[in-house]
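Q: So the number in the numbering used here is just where the residue sits in the sequence shown, counting from 1, plus 144. This is the structure, below, for whatever I ask next.
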Amino acid sequence: MLDNTQDKKHILITGASSGFGYYLALTYAREWDNLTLYLIARRKEKLEKLKQEILSMQKNICVEILAGDICDKEFITKSTKDLDIDILVNNAGLARGIESAENTSYSDWEEMIATNIKALSHITHCVLPNMVAKGSGHIINVGSIAGSYAYRGGNVYGATKAFVKQFSRNLRADLYDKNIRVSNIEPGLCEGSDFSIVRFHGDKERADNVYKHTKPLHAKDIAEIIFWVSHQPPHVNINSIEIMPTTQASAGLSVHCSE
Numbered sequence: 145m146l147d148n149t150q151d152k153k154h155i156l157i158t159g160a161s162s163g164f165g166y167y168l169a170l171t172y173a174r175e176w177d178n179l180t181l182y183l184i185a186r187r188k189e190k191l192e193k194l195k196q197e198i199l200s201m202q203k204n205i206c207v208e209i210l211a212g213d214i215c216d217k218e219f220i221t222k223s224t225k226d227l228d229i230d231i232l233v234n235n236a237g238l239a240r241g242i243e244s245a246e247n248t249s250y251s252d253w254e255e256m257i258a259t260n261i262k263a264l265s266h267i268t269h270c271v272l273p274n275m276v277a278k279g280s281g282h283i284i285n286v287g288s289i290a291g292s293y294a295y296r297g298g299n300v301y302g303a304t305k306a307f308v309k310q311f312s313r314n315l316r317a318d319l320y321d322k323n324i325r326v327s328n329i330e331p332g333l334c335e336g337s338d339f340s341i342v343r344f345h346g347d348k349e350r351a352d353n354v355y356k357h358t359k360p361l362h363a364k365d366i367a368e369i370i371f372w373v374s375h376q377p378p379h380v381n382i383n384s385i386e387i388m389p390t391t392q393a394s395a396g397l398s399v400h401c402s403e
């Protein structure tokens with residue numbers, strides 16, 4: 145456990161009801177004894193269950209549930225306007241479908257853009273002024289290796305994660321002289337979340353097939369890495385970190401041969 149003598153921290157995690165966000169909230173609660181966790185997700189019952197798990201640790205931790213849709217601008221604006229956040233973890237995101245671009249549903253494209261770009265940038269815009277005013281803070285964006293490496297069916301999802309990568313870099317350029325850190329976490333193939341279930345619109349069999357015959361990362365791994373990134377000394381900024389399972393690598397350029 146880390147030294148808990150430091151000032152109380154206020155941490156906001158989006159997409160906290162499952163996957164990376166769920167395990168990250170538990171990791172902060174386990175390792176730190178002096179904090180307030182603000183947990184955002186749509187599924188209130190899952191957030192309530194997570195809150196009880198954390199409170200059962202009987203530590204000096206306050207848990208505030210903010211149940212709602214990250215894409216709802218009015219909800220986010222109202223929920224965050226009075227918050228003094230030290231660490232913002234922009235974890236909420238999704239992929240929809242893996243079809244070739246000409247066969248996709250445009251509504252799937254719109255949903256990915258709304259969640260992965262618009263919602264992420266909006267909540268950052270809401271929280272950032274208070275960080276600048278007090279002269280400290282850390283924004284941690286959860287991107288993906290899909291923002292760097294193209295693959296069939298990755299079309300708009302990969303493009304949204306490329307936005308997260310460049311947005312993080314440009315925030316660094318704006319904030320490096322204001323004592324605010326910005327990090328981009330880029331996981332590869334990872335289980336332990338609803339990612340593939342959501343991508344395949346609830347088709348569990350198809351989702352499970354993604355992880356067959358290989359050893360992917362687990363959401364717990366990513367939570368531990370985000371925690372490590374956020375607890376570096378104040379003068380250290382981890383700009384980005386790319387994580388893949390040992391069984392995954394970026395492939396060479398694809399070439400189609402007619403014969």
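Backbone N, C-alpha and C fix where the C-beta goes; we use that ideal spot for every residue, glycine too. Small disclaimer: the values here were computed from a predicted structure and weren't measured.
Below 8 angstroms, how does it come out for the stretch 374-389 and the stretch 332-350: are there three or more Cβ pairs, yes or no?
A: Yes: at least three Cβ pairs fall under 8 angstroms.
Q: Exposed or buried, which one is Val380 when buried takes at least 16 other CB atoms within 10 Å?
A: Under this definition Val380 is an exposed residue.
Q: Buried or exposed for Met136, please, with buried defined as at least 16 other CB atoms from any protein chain shown within 10 angstroms of its CB.
A: Residue 136 falls outside the range modelled here, since the chain spans only 145 to 403, and no answer is possible.
Q: Are the CB atoms of Ser327 and Val373 nearer to each other than 8 angstroms?
A: Yes, Cβ-Cβ distance for Ser327 and Val373 is below 8 angstroms.
Q: Mind checking who Val207 pairs with in its DSSP beta bridge?
A: Note: Val207 sits in a beta bridge opposite Leu181.
Q: Distance check for Leu156 and Leu181, CA to CA, integer angstroms please.
A: Their backbone Cα atoms lie some 6 angstroms apart in a straight line.
Q: Spatial neighbours of Lys322 within its chain, please: C-beta separation below 7 angstroms, excluding the five flanking residues on both sides.
A: So the list reads Val276, Gly279, once near-sequence residues are dropped.
Q: Take Arg409 and list the residues in its own chain whose beta-carbon comes closer than 7 angstroms to its own, dropping the five residues that flank it on each side.
A: The structure shown does not extend to residue 409, since the chain is modelled only from 145 to 403, so the question has no answer here.
Q: From Asp213 to Ala185, what distance separates their C-alpha atoms?
A: If you take the alpha carbons of Asp213 and Ala185, they lie about 7 angstroms apart.
Q: Put Ser265 into one of helix, strand or coil per three-state DSSP.
A: In this structure, Ser265 counts as helix in the three-state DSSP scheme.
Q: How many angstroms separate the CA atom of Asn254 from the CA atom of Ser265?
A: For clarity, residue 254 is Glu in the given sequence; the question names Asn instead. Rounded to whole angstroms, Glu254 to Ser265 spans 15 angstroms at the Cα level.
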